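Residue numbers (the working numbering): 1 to 464.
Glycine included, each C-beta is placed from N, C-alpha and C at the ideal position.
The structure displayed is predicted, hence computed values, not measured ones.
Below you'll find the structure, written out as structure tokens, and then a few comments.
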């Protein structure tokens, strides 16, 4: 639009030039001036309108640029938010894929919950129907057996009646009676044999029931003992953790005591090097020496008290260590007793062989459960034995560490005692030498009675 206006202005200027030339040719100056004035005014008006339009266009352009910058900034923010959302979505998708894969690996081959519930309901219903049918079958078999027994009984009665009628008709009645007696004796013998076999089977069943009850009691006792042993081991583990914390705290206390002893020894070394000033008079030197000796004796007493307290604590630790060892020995004794209470492997094999020799249709389910329970208990006992061996190894290691710490502490105490004795002897020798040198000086004045009393106190202190 601006270019079109500029072109129109150029055309108007060219037309004005042509008109000016025409007016010059016509030599009508007034008309020419009026027309030129009108054209100039029109051009000024068009120029003012063009300037205002240009200013409005520039302001609009600036506003558009500002709006464009704002939109670009919003676009950048949206793109950044979109990038973050994509990254978060990718992470979530990755996490969900991992979760789905783990769930697929975990529940591979498993059915949905609704189908599982449906199958479980169907299974329960089938089991109930099976139990009902088994009961009906047992009843039918019992009725059939009763009917067969009745039929056999009726046949026997019928045969007996027929034989009786035949015997009555026949002349050999005595021989038939003898045959009947022989058959009756045979039947009685068979009945006695069957009764003995039945009693023997009943005794075997009773014996096996007793064995199963003993196994169940043993298993229950072993389970209780395993639970108790687990609780005992947990308590021992907690006590061991507390013991470790207590030992660490005691080690910190020992370190602080060691630092105190070293600082005291350093002070004692500093004090051991101090001797009375030889420039002072003899009474002042003796008084200063008496103060030094008293300070050193107090330091020695403090060190002795510290050593006694450390020795008492060491004795307490030895007592606690002895108690811990006694607890370990008692626990080992209990474990050995539990092992001895278990049936021997040969006896177990004999019992298993006896159980295998019994009819499989009598108690198959109970025997399988007993075998499985015994195997599970044996596996649990093996696992508990491994855990006990691990705990024993840890306790032995801790005991060795405790013994090493005690030996190190005793060695430190012995070294400190030796250093203390050496420092005491050296300080006493220095003090004795200084006192002898002070006494042997010829230029000193004769001491007064008060000085002699102090000297006697000093000698008594040295003797102590």
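Straight-line Cα distance separating residue j from residue i
i: residue 94; j: residue 70; result: 35 Å
i: residue 383; j: residue 226; result: 11 Å
i: residue 230; j: residue 217; result: 20 Å
i: residue 352; j: residue 211; result: Per-residue confidence for residue 352 stands at a pLDDT of 47, beneath the threshold of 50, marking its modelled position as unreliable; the derived number appears in the next sentence. Looking at the two C-alpha atoms, the distance is approximately 11 Å.
i: residue 9; j: residue 45; result: 12 Å
i: residue 242; j: residue 375; result: 36 Å
i: residue 361; j: residue 153; result: Only weak support exists for where residue 361 lies, its pLDDT of 48 falling under 50; the coordinates are left without a value.
i: residue 7; j: residue 39; result: 16 Å
i: residue 64; j: residue 57; result: 10 Å
i: residue 399; j: residue 250; result: 16 Å
i: residue 67; j: residue 92; result: 36 Å
i: residue 388; j: residue 378; result: 15 Å
i: residue 99; j: residue 105; result: 10 Å
i: residue 223; j: residue 88; result: 52 Å
i: residue 348; j: residue 204; result: Note that residue 348 scores a pLDDT of 49, beneath 50, so its modelled location is shaky and nothing firm can be said.
i: residue 196; j: residue 187; result: 14 Å
i: residue 239; j: residue 418; result: 38 Å
i: residue 3; j: residue 47; result: 14 Å
i: residue 156; j: residue 135; result: 31 Å
i: residue 194; j: residue 175; result: 29 Å
i: residue 345; j: residue 221; result: Interpretation of residue 345 is limited by its pLDDT of 45, a score under 50 that renders its predicted location unreliable; no figure is taken from the coordinates.
i: residue 244; j: residue 263; result: 28 Å
i: residue 465; j: residue 148; result: Examination of residue 465 is not possible in this model, given that the chain is present from 1 through 464 alone.
i: residue 177; j: residue 184; result: 10 Å
i: residue 53; j: residue 19; result: 29 Å
i: residue 323; j: residue 258; result: 27 Å
i: residue 79; j: residue 90; result: 16 Å
i: residue 37; j: residue 61; result: 35 Å
i: residue 189; j: residue 118; result: 59 Å
i: residue 385; j: residue 325; result: 19 Å
i: residue 124; j: residue 397; result: 56 Å
i: residue 470; j: residue 312; result: In the structure displayed, the chain extends from 1 to 464; residue 470 sits before or after that span and is not available.
i: residue 411; j: residue 256; result: 17 Å
i: residue 209; j: residue 129; result: 30 Å
i: residue 162; j: residue 151; result: 16 Å
i: residue 191; j: residue 201; result: 15 Å
i: residue 77; j: residue 252; result: 58 Å
i: residue 86; j: residue 72; result: 20 Å
i: residue 298; j: residue 228; result: 56 Å
i: residue 358; j: residue 207; result: Per-residue confidence for residue 358 stands at a pLDDT of 47, beneath the threshold of 50, marking its modelled position as unreliable; the derived number appears in the next sentence. Roughly 12 Å separates the two Cα atoms.
i: residue 159; j: residue 169; result: 15 Å
i: residue 121; j: residue 84; result: 49 Å
i: residue 296; j: residue 319; result: 34 Å
i: residue 96; j: residue 82; result: 20 Å
Integer-rounded CB distance, given that residue j should sit under 8 Å from residue i
i: residue 50; j: residue 17; result: So it is not a contact: roughly 20 Å between Cβ atoms.
i: residue 247; j: residue 328; result: Their Cβ separation, rounded to whole angstroms, is 16 Å, which puts residue 247 and residue 328 out of contact at 8 Å.
i: residue 43; j: residue 14; result: Incorrect: roughly 13 Å between the Cβ atoms, too far for contact.
i: residue 413; j: residue 310; result: 6 Å
i: residue 300; j: residue 416; result: With 8 Å as the limit, residue 300 and residue 416 do not qualify as a contact, their Cβ atoms being about 12 Å apart.
Beta-carbon gap between residue i and residue j smaller than 8 Å
i: residue 406; j: residue 291; result: no
i: residue 402; j: residue 314; result: no
i: residue 254; j: residue 409; result: yes
Residue-chain proximity (residue i, chain C), Cβ-Cβ < 8 Å
i: residue 209; result: Considering every chain present, this structure includes no chain C. It has just one protein chain.
Any non-hydrogen atom of the ligand GTP closer than 7 Å to residue i Cβ
i: residue 213; result: Although the ligand GTP was asked about, the structure shown includes no ligands whatsoever.
Taking contact to mean 3 or more Cβ pairs, one atom from each stretch, closer than 8 Å, check whether the region 233–240 and the region 298–306 are in contact. no
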